[in-house]
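See below for the structure under consideration.
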Amino acid sequence: MDDLRRIDLNLLLALHALLAEKHVTRAAVRLHRSQPAVSHALAQLRIIFKDPLLQRRGTYMGLTPRALELVRPLDDALRGLSLLLHPRGFDPASATRRFRMAASDFGAHVILPKLMRRLRAEAPGIDLAITQGSRGAMVAQLLDGEVDLAVGVFPDVPADITLRTLFEEHFVSVADRTTLPPSGDLPLDAWLARPHVVVSMRPDADNDVEDALAAQGLRRRVALVLPHWRASTEVLVGTDLVLTVASRTLDRGPRSRNRSLKTFAPPLPLPVFAFQQAWLTQRDAEPAQVWLRNLVRECSQP
């Protein structure tokens, strides 16, 4: 208890913002305080915790090992205080807070337009901060308390992560229609003979299409790997490239506005996959989190 007398709630709020933003100026904006005030708070926190907390690493600031240890317990403590002060639940119409969500380009494409329209109409005080990363990185962000929710495909998660399926998805191929036969599709040998485009955060990452090909002892030539969904369709125009992606990627994207592109079924069986939302199990019953998850589920439907 003596240690608690050395620190007040405002310092804990400043610490929470600094650990989340990893930047004094951004933390000041988040807290609606001046940059000098947050710098002063950081100086006090460094004395209290006997640790720099934030350290420069090249061109950016990173958390020290001690700061990383503080992320989850601090998040839990502030959440507990919030529940103590506001035990009646969560009112989205009057709430003012920021949710942090991890999502791929695909997840943002499918969910975010509807989600933002709902937020502006029903919860105008709610802000969103979206981060992007690999599946492993998103799970790590959940475990470290850096995000409230992650949406994506998670074939394997730790026991303290809860998964719920938002929808099931299937693959389609797309190419410039002028390079396709009159039938509008390609048999397997012609499909394999064409150069392919793969959308991936990492050039060497595993994917379901390669796994399905390997199971049949087949390989395709990947002529382009890139992390950008929109560009992946734009590069098809006027080329013999083929792209195979989740069908809803193309619902409102360039393919739907570009008549030179044609969608067709891949000429080999590819698995249907579950697109999911994931969160820390210990946050199951938090009213604000339940509201966010329900809203994301509703906005993920066609």
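Going by our numbering, the first residue of the sequence shown is number -4, and it counts up by one from there.
We put the beta carbon where it would ideally sit given N, CA and C, even for glycine.
- Bridge partners of residue 171 according to DSSP: 256.
- With a threshold of 16 other beta carbon atoms within 10 Å, residue 111 falls short and is exposed.
- Closest in alpha carbon position to residue 199, among 129, 86, 228, is 129.
- In this structure, the straight-line span from the alpha carbon of residue 205 to that of residue 268 is close to 15 Å.
- Between residue 145 and residue 125, the beta carbon gap of about 11 Å keeps them out of contact (Cβ cut-off 8 Å).
- Beta-bridge annotation (DSSP): residue 160 is paired with 271.
- Of the candidates 171, 35, 24, 171 places its Cα closest to the Cα of residue 259.
- Here residue 193 has 217, 220 as same chain residues with Cβ atoms under 6 Å from its own Cβ, once five neighbours each way along the sequence are excluded.
- Within the region 73 to 127, the runs of beta strand (DSSP E) that reach at least 3 residues and sit entirely inside it are, in chain order, 92 to 98, 121 to 126.
- Contact check for residue 274 against residue 71 fails: the beta carbons are separated by 9 Å or more.
- Here the C-alpha atom of residue 100 lies approximately 33 Å from the C-alpha atom of residue 7.
- Of all C-beta pairs linking the region 56 to 75 to the region 111 to 121, fewer than three are shorter than 8 Å, placing the two stretches out of contact.
- For the pair residue 15 and residue 22, the Cα-to-Cα distance works out to about 8 Å.
- Inclusion of residue 189 and residue 183 in the CB contact set at 9 Å is not warranted, their separation being larger than that value.
- Residue burial annotation: residue 211 is exposed, with fewer than 16 other C-beta atoms found within 10 angstroms of its C-beta.
- By alpha-carbon distance to residue 266, the top candidate from 132, 127, 215, 148 is 148.
- The criterion of a C-beta distance shorter than 9 Å is satisfied by residue 167 and residue 242.
- Counting other Cβ atoms within 10 Å of its Cβ, residue 62 reaches 16 or more and is therefore classed as buried.
- Spatial neighbours of residue 271 in its own chain (CB-CB distance under 8 Å, excluding positions within 5 residues in sequence) are listed in chain order as 146, 147, 148, 149, 158, 159, 160, 161.
- For residue 224, the CB contacts under 8 Å within the same chain, skipping 5 residues up- and downstream, are 100, 101, 104, 194, 240, 244, 248 in chain order.
- For the set 136, 5, 24, the Cα lying nearest the Cα of residue 76 is the one of 5.
- Taking C-beta atoms as the reference points, residue 208 and residue 215 count as a pair closer than 9 Å.
- Of the other Cβ atoms in all chains shown, fewer than 16 fall within 10 Å of the Cβ of residue 53; this residue is therefore exposed.
- When DSSP states are grouped into helix, strand and coil, residue 44 belongs to the helix group.
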